[in-house]
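Asks: For reference, the structure I am asking about is given below.
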Ligand SMILES: Cc1ncc(C[n+]2csc(CCOP(=O)(O)OP(=O)(O)O)c2C)c(N)n1
Ligand code: SF4
Ligand SMILES: [Mg+2]
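Right, dumping it as structure tokens:
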């Protein structure tokens, strides 16, 4: 073991909390909800010995607005929740996006709609990538597929949030949040960039800072919209992340993220054992979406099966990316049911028979 | 301003006219023209707040949180750092700020719809946690900004656009006395109700706001300052009539005075 490595066996939620402390998080605000309550539990346990604040708010509405205040005051700040709580935060997220406040938000997705189930789901893909709150805004959305990535994406998330002055969402799910795996914490240098725009008290050497999302004159509002669009273009140019698994010689492609990408990886191996050349494209950023690589892969493969734990959401982005070049279909389970690799493989073979 | 200045006033020359300077706008007020309706209590409250900030010399260490309501543009008028919160969420935003910047002075400025309807939960829990902030609560008994709907504080029988025949308390609930509601919470350190409809009342409000800032240094909880105010436009009254309405109707239900004050020991600590 290298000296600068710290290896632990942890739940995804705990790894994320530990990573946040190591990433120099100043403040966390949250409200308990399964399957991510471990985050606030871990943080409140660690707080006395380490230098950060963890505060239990009275609701997700309060937590997200506390995040707004703290982010506006220049702090490195975070909240996490699960689907119903994430829904409750959406007004605040829209305000945060408009006021361009950097922060890390986490949704450990559970089954819905409604109170739904506490079992894992990917049913919040639309909400994560297409808005959720009101108005024209975008979140950078990171989709971890392991406990390790739940930790790593905390560091990455804070950095991206600061770099673009934009909220970053980590969209995980109840399985990755709850399961225990090995996780390695590397010693890292933590960069915190200056935030001269923050409301820290109008010291005489600077103009005062105002954090607002109100632009009542249409011309001013549109100017802000255009500014945001420019930023989003920049993010689309620079921050697309994905993983390609055995796509080089693939005749068929599976497209999946997070937990369903782990299942699909097994499916690739199973199908290859049966002589079928299958590859997997795993979007790591759900927004910006890896449309370019999918479009290129569409020139090589005969068809794509999108595997999701929902009724078919990411498939819309895959279809847009592929633009009719090849057949794209969806296979998914809902209600918190996790399909076995064999189940998916069987449906994959059914799909290729239709090509 | 001391007596000497009054006897030998400064002269201001503007074109052909010469004026005596007897009163100066606080430099904490920006030069932006206030958008409030003539006679509106918000303007008075802003100016008093600015004067206190100036006199205490804390302009560089105050962060205000503006609400959604007529005072949504408060940040245009006071030359300090501000954050504009979502409707009702000012005390949660202020919590986030104060917890990260404990040495700064943090206050919210909120209307009755903002603080006592949509933001009731945040208000109560902010007070209950004893956040070391000041909450300025402008109670004008109506939703001013959205043009005169019933507020949780509208008086019984009060006509508003959504209680056109007068507030029927059996159907619409009773006017809520937020100060009395939160005062018993241990996190409430100082709770007072003031008003701004007479010069004397304005002076007392100013003192209360000064206390609200000072007490933050003690770290003992929320200072909650309710200001019973008017809304001449939506009350459909002249400014003078609206001030009379405050005196004759509002203050009957919302009596002026301190509801919870610091102990002698607390005040000793402050010195
Ligand atoms: C979530 C949300 N709901 C409703 C509104 C519309 N709205 C704006 S201000 C306001 C009421 C303001 O009344 P009050 O807080 O009493 O302030 P006043 O204007 O009287 O000072 C409402 C309902 C909004 N902006 N946001
Ligand atoms: S509508 Fe009422 S509260 Fe708003 S500025 Fe006019 S008088 Fe004041
Ligand atoms: Mg009002």
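Residue numbers (the numbering used here), protein chains in the order written: chain X, 1 to 355; chain W, 1 to 271. Using N, Cα and C, we set each Cβ at its ideal position, and we do this for glycine too.
(1) I'd like to know whether the C-beta of residue 70 of chain W is nearer than 7 Å to at least one C-beta of chain X.
(2) Using a beta-carbon distance below 7 Å, is residue 210 of chain X in contact with chain W?
(3) Would you identify the three-state DSSP class for residue 68 of chain X, choosing helix, strand or coil?
(4) Quick check: is the beta carbon of residue 104 of chain W nearer than 7 Å to any beta carbon in chain X?
(5) Just the Cα atoms here: how many angstroms apart are residue 116 of chain X and residue 47 of chain W?
(6) Mind checking whether residue 62 of chain W and residue 105 of chain W have CB atoms under 7 Å apart?
(7) Throw me the rounded Cβ distance for the residue 232 of chain X and residue 138 of chain X pair, which I believe falls under 8 Å.
(8) Taking buried to mean at least 16 other C-beta atoms within 10 Å of its own C-beta, is residue 78 of chain W buried or exposed?
(9) At a CB-CB cut-off below 8 Å, which residues of chain X make contact with residue 81 of chain W?
(10) For a test of the three-state rule: what should DSSP assign to residue 256 of chain X, helix, strand or coil?
(11) Let me know the secondary structure DSSP gives residue 135 of chain W once reduced to three states.
(12) Select from the segment 96-129 of chain W all residues with a C-beta closer than 7 Å to any C-beta belonging to chain B, and list them in chain order.
(13) Terminal residues of the continuous beta strand (DSSP E) containing residue 27 of chain X?
(14) Would you kindly work out how many angstroms separate the C-alpha atoms of residue 5 of chain W and residue 138 of chain W, rounded to a whole number?
(15) What are the boundary residues of the beta strand (DSSP E) that includes residue 235 of chain W?
(16) In three-state DSSP terms, what is residue 23 of chain W?
(17) Are any of the Cβ atoms in chain X nearer than 7 Å to that of residue 77 of chain W?
(18) Check each candidate in W:14, W:75, W:261 and W:130 and name the one with the smallest Cα separation from residue 211 of chain W.
(19) Based on the DSSP secondary-structure assignment, which residues constitute the bridge partners of residue 182 of chain X?
(20) Here's the rule: buried if 16 or more other CB atoms are within 10 angstroms of the residue's CB, otherwise exposed. What is residue 270 of chain W?
(21) Output needed for residue 219 of chain W: all residues of its chain with C-beta closer than 6 Å, excluding positions within five of it in sequence on either side, in chain order.
(22) For residue 258 of chain W, does the three-state DSSP call read helix, strand or coil?
(23) Return the bridge partner residues of residue 282 of chain X from the DSSP annotation.
(24) Going by alpha carbons, who is nearest to residue 178 of chain W out of W:136, W:103, W:144 and W:201?
(25) Examine ligand 2 and report whether any of its heavy atoms sits within less than 6 Å of the Cβ of residue 204 of chain X.
(26) Nearer than 6 Å: is that true of the beta carbon of residue 140 of chain W relative to any heavy atom of ligand 3?
(27) Span of the beta strand (DSSP E) holding residue 170 of chain X?
(28) Mind listing which residues of the segment 125-149 of chain X have their C-beta closer than 9 Å to chain W's C-betas, in chain order?
(29) Just curious, the alpha helix (DSSP H) that residue 148 of chain X is in, first and last residue?
(30) Just to confirm the assignment, what range does the beta strand (DSSP E) spanning residue 218 of chain W have?
(31) Quick one: is the Cβ of residue 70 of chain W within less than 6 Å of any heavy atom of ligand 1?
(32) Chain W partners of residue 91 of chain X, CB-CB under 8 Å?
(33) Using a C-beta cutoff of 7 Å, does residue 259 of chain X count as contacting chain W?
(34) Taking residue 106 of chain X as part of the alpha helix (DSSP H), name the residues at either end of that continuous run.
(35) When the distance is taken between beta carbons, is residue 208 of chain W closer than 7 Å to residue 198 of chain W?
(36) Check whether the Cβ of residue 256 of chain X lies closer than 7 Å to any Cβ atom in chain W.
Replies: On the basis of the supplied data:
(1) Along the second chain, one-based indexing puts residue 70 of chain W at 70. It does not: the Cβ of residue 70 of chain W has no partner Cβ on chain X nearer than 7 Å.
(2) Residue mapping note: residue 210 of chain X aligns to position 210 of the first chain, counting from 1. So yes, residue 210 of chain X belongs to the interface.
(3) By one-based count along the first chain, residue 68 of chain X stands at place 68. Here residue 68 of chain X sits in helix by DSSP.
(4) Along the second chain, one-based indexing puts residue 104 of chain W at 104. Yes - at least one Cβ of chain X is within 7 Å of the one on residue 104 of chain W.
(5) One-based indexing of the first chain puts residue 116 of chain X at position 116. One-based indexing of the second chain puts residue 47 of chain W at position 47. About 51 Å.
(6) Stepping through the second chain from its first residue, residue 62 of chain W is reached at position 62. Stepping through the second chain from its first residue, residue 105 of chain W is reached at position 105. Yes.
(7) Against the first chain, residue 232 of chain X aligns to sequence position 232. Against the first chain, residue 138 of chain X aligns to sequence position 138. Confirmed, Cβ separation roughly 5 Å.
(8) As a first step, residue 78 of chain W must be located in the second chain, where it is residue number 78. Classification of residue 78 of chain W: buried, given that the 10 Å Cβ count is 16 or more.
(9) For the purposes of this step, residue 81 of chain W is identified with residue 81 of the second chain, where counting begins at 1. 199, 200, 201, 202, 208, 209 and 210, listed in chain order.
(10) The residue you call residue 256 of chain X lines up with position 256 of the first chain. Three-state DSSP puts residue 256 of chain X in coil, outside helix and strand.
(11) For the purposes of this step, residue 135 of chain W is identified with residue 135 of the second chain, where counting begins at 1. Correct three-state label for residue 135 of chain W: strand.
(12) The chain labelled as chain B is not found among the protein chains of the depicted structure, namely X and W.
(13) Locating residue 27 of chain X in the first chain gives position 27, where the first residue counts as 1. Note, residue 27 of chain X: beta strand (DSSP E), 27-30.
(14) Locating residue 5 of chain W in the second chain gives position 5, where the first residue counts as 1. Locating residue 138 of chain W in the second chain gives position 138, where the first residue counts as 1. Caution is warranted here: a pLDDT of 49 is assigned to residue 5 of chain W, below 50, making its placement in the model unreliable, and no coordinate value can be reported.
(15) In the second chain, the residue the question calls residue 235 of chain W occupies position 235. Unbroken run through residue 235 of chain W is the alpha helix (DSSP H), 232-235; no beta strand (DSSP E).
(16) As a first step, residue 23 of chain W must be located in the second chain, where it is residue number 23. The answer is coil: DSSP assigns residue 23 of chain W none of H, G, I, E or B.
(17) Numbered from 1 along the second chain, position 77 holds the residue referred to as residue 77 of chain W. Closer than 7 Å: no.
(18) As a working note, residue 211 of chain W is residue 211 in the second chain. Per the Cα distances, W:261.
(19) What you label residue 182 of chain X is simply residue 182 of the first chain in a count that begins at 1. DSSP output for residue 182 of chain X lists X:9 as bridge partner(s).
(20) The sequence position of residue 270 of chain W within the second chain is 270, counting from 1. It is exposed - the Cβ of residue 270 of chain W has fewer than 16 other Cβ atoms within 10 Å.
(21) For this step, residue 219 of chain W is matched to residue 219 along the second chain. Cβ within range, chain order: 132.
(22) The residue given as residue 258 of chain W occupies position 258 in the second chain. Strand.
(23) Here the question's residue 282 of chain X lines up with position 282 in the first chain. Its beta-bridge partners are X:243.
(24) One-based indexing of the second chain puts residue 178 of chain W at position 178. Here the closest residue by C-alpha is W:136.
(25) As a position in the first chain, residue 204 of chain X is number 204, starting the count at 1. It does not: the Cβ of residue 204 of chain X is nowhere closer than 6 Å to a heavy atom of ligand 2.
(26) For the purposes of this step, residue 140 of chain W is identified with residue 140 of the second chain, where counting begins at 1. Correct: residue 140 of chain W has its Cβ closer than 6 Å to ligand 3.
(27) Within the first chain, the letter at position 170 stands for residue 170 of chain X. Its beta strand (DSSP E) spans residues 167-173.
(28) none
(29) Here residue 148 of chain X is taken as the residue at index 148 of the first chain, counted from 1. Where residue 148 of chain X is concerned, the enclosing alpha helix (DSSP H) stretches over 147-164.
(30) As a working mapping, residue 218 of chain W is identified with position 218 in the second chain. No beta strand (DSSP E) holds residue 218 of chain W; DSSP gives it neither H nor E.
(31) Position 70 of the second chain, counted from the start, is the residue given in the question as residue 70 of chain W. Yes, Cβ of residue 70 of chain W sits closer than 6 Å to a heavy atom of ligand 1.
(32) Position 91 of the first chain holds residue 91 of chain X. Going along chain W in sequence order, the residues near residue 91 of chain X (Cβ under 8 Å) are 86.
(33) Here residue 259 of chain X refers to the residue found at position 259 when the first chain is read from its first residue. No - not a single Cβ of chain W is within 7 Å of the one on residue 259 of chain X.
(34) Counting from one through the first chain, the residue named residue 106 of chain X turns up at place 106. Segment 103-109 is the beta strand (DSSP E) holding residue 106 of chain X; no alpha helix (DSSP H) there.
(35) Taking the second chain and counting its residues from 1, the one referred to as residue 198 of chain W is at position 198. Taking the second chain and counting its residues from 1, the one referred to as residue 208 of chain W is at position 208. No, Cβ-Cβ distance for residue 198 of chain W and residue 208 of chain W is not below 7 Å.
(36) Numbered from its first residue, the first chain carries residue 256 of chain X at position 256. So, not an interface residue.
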